[in-house]
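Here the sequence shown is numbered in our numbering, starting from 434 and rising by one per residue.
Glycine included, every Cβ here is placed at the ideal spot set by N, Cα and C.
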Amino acid sequence: MSPDQAAPLLEVRGAAKAFPGVKALDGVDLTLFGGEVLALIGENGAGKSTLMKLLSGVYTPDEGEFFVDGEPVEITSPARAEELGIAIIHQEFNLVPDLTVAQNIYLGREPRIGPFINEAALNRQARELLDELGLQLDPTSRVGSLTVASQQMVEIAKALNINARVLIMDEPTAALNDAEVATLHELIRRFVNPATGVIYISHRMPELKAISQRITVLRDGQYVGTVNTAETHMDQVVGMMVGREIDTTRRQAPYAGDGSVVLAVEGLSTRSKLKNVSLTLRKGEILGVAGLMGAGRTELARAIVGADPMSSGTVSIHGTPRTIHSPAAAAAAGVGYLSEDRKALGVITSQSVRDNIVLSSLPRFFRRGLGDERGIDDVAREYTDRLRIKTPSIRQLVKNLSGGNQQKVVIAKWLVRDCDILIFDEPTRGIDVGAKAEIYDLLNSLAAEGKSLIVISSELPEVLAVSHRVAVMCEGRLVGELDQHEASQESIMDLATRTESAVAGPHSASQAAVTERPVSS
Ligand SMILES: Nc1ncnc2c1ncn2[C@@H]1O[C@H](COP(=O)(O)OP(=O)(O)OP(=O)(O)O)[C@@H](O)[C@H]1O
Ligand SMILES: [Mg+2]
């Protein structure tokens, strides 16, 4: 560094951190300059979150030196990190579900009148902050009632409300759609000035290209290198990250099953969202469900598996109309549901990898009241290997795994469960590019075995990579279906953004998408 150059805003030299059985970080360097967005990438379990937890005072390092504005610092606690101007948006939310949006944002710093919290002022301040950030959220809503995307927005508002100089965002966009990502990037650009900087973690390559100036790559707890974003092709970065080439532009092959219908949904409506949705799923088919946030995709999945009540309509499984009142009943009827919210419904993080993978399939392993412990271990090991779940042992508690590896445990659980119909809601959320490709292969092999899948995803490249057919939803309706050869990012977006008045009905809309070209103005 030349003497006329300012010291980096933040610098890490030789950081190391070990957990029992795992060397999470080993000799990692990182430099953040004022005015920049530095992307940090690496496979699931590479050590990204651990490094960020050292910077935000959540963990203490085994080794390493830390500097803020060139001055050595010790970041001994989250409070100390905040004093140093370091704010973090954690990968796993730190919100209190029973409090409101405003109460969460100002937790511990509420405006008061004497000893009492001034609720009116609290809500007003929150309203102002949310307006300023351009976030459409009601400050008085209970956080637990919000979608995952909205909860993410609350986290972001909370972090931006602290006067931070260094803002760390650990996978802030994992649950956001493209429009919301654009809003977030706008917020980031407004936040960054010569005295501030952002460390941005994401598994979505196009985002890194759009938002970062430099990219630092970690692999297996080690520092691999740092590149300038503008001068580097993303394939190169993926190569640094996983050490092999990954095809990120792949497309599903045409459907090759026998066409028999395994799941038929007729005229399904719910009080809250869905309006007269009808669709079918064929044996061996992967049906992608696309749509903007709030289009009703998760509501559709939840209504099918009985997590939410239907107000009208029928769901038939293998030709028989069924009344299903809970996801457990759905699973018993052969319909598995992997929820978008893995913490609430997916895994029990205080239990082991093994128990999470096999628990819901336990009856299979019991004969005459005796559990086949060896059999259970073998299955848990098989799926840990197949999905490359990074863990020192199948007995490790899930809460000690990295975010992406926790998600793999949820997937493994449903693969073991042996349902013929699987509904996966954002299955690869937080999963790295290499592992995504492996999961797509796995979904394909399930379909080839004759299982049928509905895959809900906000990432259009993912929808195109896995779907034989794409159903597009908008405002609680199914507005069109596209065959594998008709589906493209453009045709899907075209349907997903149609307003109610433009939609005549599911079938005509599907036709329209193929035959009509939008009139350009
Ligand atoms: N509290 C803990 N106890 C034991 N092991 C841990 C703990 N926290 C992290 N690890 C391990 O440290 C390694 C690095 O995890 P980390 O969460 O930093 O990965 P990551 O790069 O953020 O991955 P992801 O992309 O999946 O979020 C992993 O092998 C993880 O299992
Ligand atoms: Mg992480």
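So the candidates are E806, N709 and D668; which of them puts its Cα closest to the Cα of R677?
D668
#### Entry: Pairwise C-alpha distance: A765 and T713
20 Å
request  = Have a look at D653 and K869 and give me their C-alpha separation to the nearest angstrom.
outcome  = 18 Å
*Assign D788 to one of two classes, buried (16 or more other C-beta atoms within 10 Å of its C-beta) or exposed (fewer than that).*
buried
* Taking C-alpha atoms, which residue in N527, H618 and A607 lies nearest to V587? -> When each option's Cα is compared against that of V587, the closest is N527.
task = Please name the residue or residues paired with I955 in a DSSP beta bridge.
result = Because residue 955 is not part of the residues shown, which for the chain are 434 to 954, the question remains open.
Please indicate yes or no: does the CB of L834 lie closer than 7 Å to some heavy atom of ligand 1? yes
**Prompt:** Taking 7 Å as the cut-off, does the CB of K481 come closer than this to any heavy atom belonging to ligand 1?
**Reply:** yes
Exercise. Would you give the residue range spanned by the beta strand (DSSP E) that Y816 belongs to?
Key: First-last for Y816: E806 to R819, but that is the alpha helix (DSSP H), not the beta strand (DSSP E).
Is any heavy atom of ligand 1 found at a distance shorter than 7 Å from the C-beta of D874? no
Is the closest heavy atom of ligand 1 to the C-beta of Q524 under 7 Å? yes
Taking just the CA atoms, how far does I809 sit from F798?
Their Cα atoms are separated by approximately 7 Å.
TODO: Check whether the Cβ of D564 lies closer than 7 Å to any heavy atom of ligand 1, and answer yes or no.
DONE: Flag unset: Cβ of D564 not near ligand 1.
What would DSSP say about A457, mapped onto helix, strand or coil? Under the three-state reduction of DSSP, A457 is assigned to strand.
For this session: Under the assumption that L915 contacts I925 (Cβ atoms under 8 Å), give the Cβ distance between them as a whole number of angstroms.
Result: 7 Å
Can you tell which of L641, E923 and V905 has the C-alpha that lies nearest to the C-alpha of V470? L641
From what residue to what residue does the alpha helix (DSSP H) around D564 run?
E552 to E565
**Study point:** Reduced DSSP category for D927 - H, G, I as helix; E, B as strand; rest coil
**Key:** Three-state result, D927: helix.
Could you give the DSSP three-state label for T662: helix, strand or coil? Residue state for T662 is assigned as helix, using DSSP reduced to three classes.
### Query
From the DSSP output, which residues share a beta bridge with K450?
By DSSP's assignment, K450 forms a beta bridge with L458.
*Leaving out five residues on either side along the sequence, give the residues of the same chain with a beta carbon under 7 Å from the beta carbon of A449.*
L458, D459, G460, P494, D495, E496 and G497
Subject >> Helix, strand or coil at A723 according to DSSP, with G and I counted as helix >> reply: Note: A723 maps to strand in three-state DSSP.
query: For N551 versus R545, is the C-beta distance shorter than 8 Å?
result: yes
Check: D462 C-beta below 7 Å from any heavy atom of ligand 1: no
For the alpha helix (DSSP H) containing I538, list its first residue and its last residue.
V534 to I538
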